[in-house]
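For reference, the structure discussed in these notes is given below.
Number of protein chains: 2
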Amino acid sequence: MASTLDELIEALRCLPGVGPKSAQRMAYHLLQRDRKGAVRLQRSIDEAITRLKPCSRCNNFSEHEVCDRCASPTRDPSQLCILEMPADLAVMEQSHAYKGLYYVLMGRISPLDGIGPRELRLDKLLERATDGLVEEVILATNFTNEGEATAHYVGEMLRARGLRVSRIARGVPVGGELEHTDIGTLAQALLERRGL
Amino acid sequence: MASTLDELIEALRCLPGVGPKSAQRMAYHLLQRDRKGAVRLQRSIDEAITRLKPCSRCNNFSEHEVCDRCASPTRDPSQLCILEMPADLAVMEQSHAYKGLYYVLMGRISPLDGIGPRELRLDKLLERATDGLVEEVILATNFTNEGEATAHYVGEMLRARGLRVSRIARGVPVGGELEHTDIGTLAQALLERRGL
Ligand SMILES: [Zn+2]
Ligand SMILES: [Zn+2]
Chain A
0 MASTLDELIE
10 ALRCLPGVGP
20 KSAQRMAYHL
30 LQRDRKGAVR
40 LQRSIDEAIT
50 RLKPCSRCNN
60 FSEHEVCDRC
70 ASPTRDPSQL
80 CILEMPADLA
90 VMEQSHAYKG
100 LYYVLMGRIS
110 PLDGIGPREL
120 RLDKLLERAT
130 DGLVEEVILA
140 TNFTNEGEAT
150 AHYVGEMLRA
160 RGLRVSRIAR
170 GVPVGGELEH
180 TDIGTLAQAL
190 LERRGL
Chain B
0 MASTLDELIE
10 ALRCLPGVGP
20 KSAQRMAYHL
30 LQRDRKGAVR
40 LQRSIDEAIT
50 RLKPCSRCNN
60 FSEHEVCDRC
70 ASPTRDPSQL
80 CILEMPADLA
90 VMEQSHAYKG
100 LYYVLMGRIS
110 PLDGIGPREL
120 RLDKLLERAT
130 DGLVEEVILA
140 TNFTNEGEAT
150 AHYVGEMLRA
160 RGLRVSRIAR
170 GVPVGGELEH
180 TDIGTLAQAL
190 LERRGL
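Top line first, the protein sequences correspond to chains A and B.
Numbering that gives the first Met the number 0 puts the first sequence at residues 0 to 195.
Numbering that gives the first Met the number 0 puts the second sequence at residues 0 to 195.
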């Protein structure tokens, strides 16, 4: 019946950037050409929403209340690197230039999108950063306008609490995103971070 | 853990037009901002792939072996209208200009995409059209190059079997798609169909 199909098309529209036409194309594709892919997608969504919750310490997606990285005794708890998204964390780890801990904002301050400090839940970051072990906060948000504004806001907030705050060096090209930066540049930018 | 997330991102790439970057954006969106939407999407896919199979008569998605429309005693079984996609059927029904039955190709002949008569499974159409009840076949594929080629091929195939074959009139703008045609134009095009 049309209703089951219509419901699928409507449900696909919850995906960002998917309008009515592409939702329809996606539904036909799944039903006609890629039922295996459809089964896999359905199970992956189920697994992901069931298993992944924000880590209580770093805010990244995690299968446990505290993720493996935050629980690791080999990471330096005196350094806290602040990032926008999980993909940024992945590329930072690949640079092998950092041994401290992370906090993932899961976004950035973006007034045009109605995302301010409250929507970013910076209170959680504040609590995390003031655990008594963190000595230095390294701001590694993107060098876009929004990333810079976020770094500025977060930096002021944490400096007011007596934390040492630094910003990774602008080795990352202006307007560029961490995720698209080669890891050598990123390692250099981390090395040349400057106090704020 | 990364693996559950990576699996979700990978699974999203089975959707047409979704590359690695947008799959990632979609996964974050589902997990962070729209878990309700994610649950709904997961269930809709499950329902759709479990319930919807091709109707054995019209080839459209159906929850039964023969869909309600094909089983209806009020439709004229002597007319068979051939369409590319389910969305075309929906708009044709909205025109209220047609009381016969349908056959949905679920595609079109498209050599560039490797879709020929065999991939379109035109043998199923041939069997359907030669049930002894169908007298006239109305070709209502799109007026795109591929739709026209499909109409030509299918028309020749069915005329060779002694069926009367017509093409809806080119009231539909050249290069246009049924789905984007206003229903008045569509009704007119159906009325002015010409024998092939
Ligand atoms: Zn963590
Ligand atoms: Zn049917």
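Here a beta-carbon is modelled for each residue, glycine too, at the ideal position from N, C-alpha and C.
- By the Cβ criterion, the stretch 125 to 145 of chain B is in contact with the stretch 73 to 87 of chain B, since at least three pairs of Cβ atoms, one from each stretch, lie closer than 8 Å.
- For the options A:Leu-162, A:Gly-115 and A:Ile-48, the alpha carbon positioned closest to that of B:Leu-7 is the one of A:Ile-48.
- DSSP lists B:Leu-82 as the beta-bridge partner residues of B:Val-103.
- Taking a contact as a CB-CB distance under 8 Å, the pair A:Leu-104 and A:Leu-119 counts as one, their CB atoms being some 6 Å apart.
- With contacts defined as CB atoms closer than 8 Å, B:Arg-117 and B:Leu-100 fail to qualify as a contacting pair.
- DSSP places A:Ser-77 in the strand class (E or B) of the three-state scheme.
- Not a single C-beta of chain A is nearer than 8 Å to the C-beta of B:Leu-100.
- The closest heavy atom of ligand 1 lies 7 Å or more from the beta carbon of A:Ser-43.
- For A:Thr-3, the neighbours in chain B by C-beta distance under 7 Å run, in chain order, Glu-46, Ala-47, Arg-50, Leu-51 and Glu-62.
- Inclusion of B:Val-90 and B:Ile-182 in the CB contact set at 8 Å is warranted, their separation being smaller than that value.
- Contact check between the stretch 1 to 21 of chain B and the stretch 23 to 40 of chain A: three or more CB pairs, one atom from each, fall below 8 Å, which counts as touching.
- With a cutoff of 7 Å, B:Val-65 counts as near ligand 2, since its C-beta is closer than that to a heavy atom of the ligand.
- The alpha carbon of A:Ile-108 has as its nearest neighbour, out of A:Leu-121, A:Tyr-97, A:Ala-26 and A:Ala-96, the alpha carbon of A:Leu-121.
- Contact between B:Thr-129 and B:Arg-160 holds: their C-beta atoms lie close to 6 Å from each other, under 8 Å.
- Among the bridge pairs identified by DSSP, A:Pro-53 is matched with A:Phe-60.
- For B:Asn-141, the shortest C-beta to heavy atom distance toward ligand 1 is 7 Å or greater.
- With a threshold of 7 Å, the Cβ atom of B:Cys-80 does not count as near ligand 2, since no heavy atom of the ligand is closer than that.
- Here A:Gln-93 is exposed: its Cβ has fewer than 16 other Cβ atoms, across all protein chains shown, within 10 Å.
- Take the alpha-carbon of A:Ile-44 and the one of B:Thr-143: they are about 37 Å apart.
- Three or more Cβ pairs closer than 8 Å define a contact, and the stretch 8 to 21 of chain A falls short of that threshold against the stretch 65 to 73 of chain B.
- When Cβ-Cβ separations below 8 Å define contact, B:Val-38 makes contact with chain A.
- Restricting attention to B:Gln-31, B:Gly-154, B:Glu-135 and B:Asp-87, the CA atom closest to the CA of A:Ser-61 is found in B:Gln-31.
- Residue contact check for A:Met-91 against chain B: no CB pair falls below 8 Å.
- Residues of chain B whose Cβ lies closer than 9 Å to the Cβ of A:Cys-13 are, in chain order, His-28, Leu-29, Asp-33, Lys-35, Gly-36, Ala-37, Arg-39 and Leu-40.
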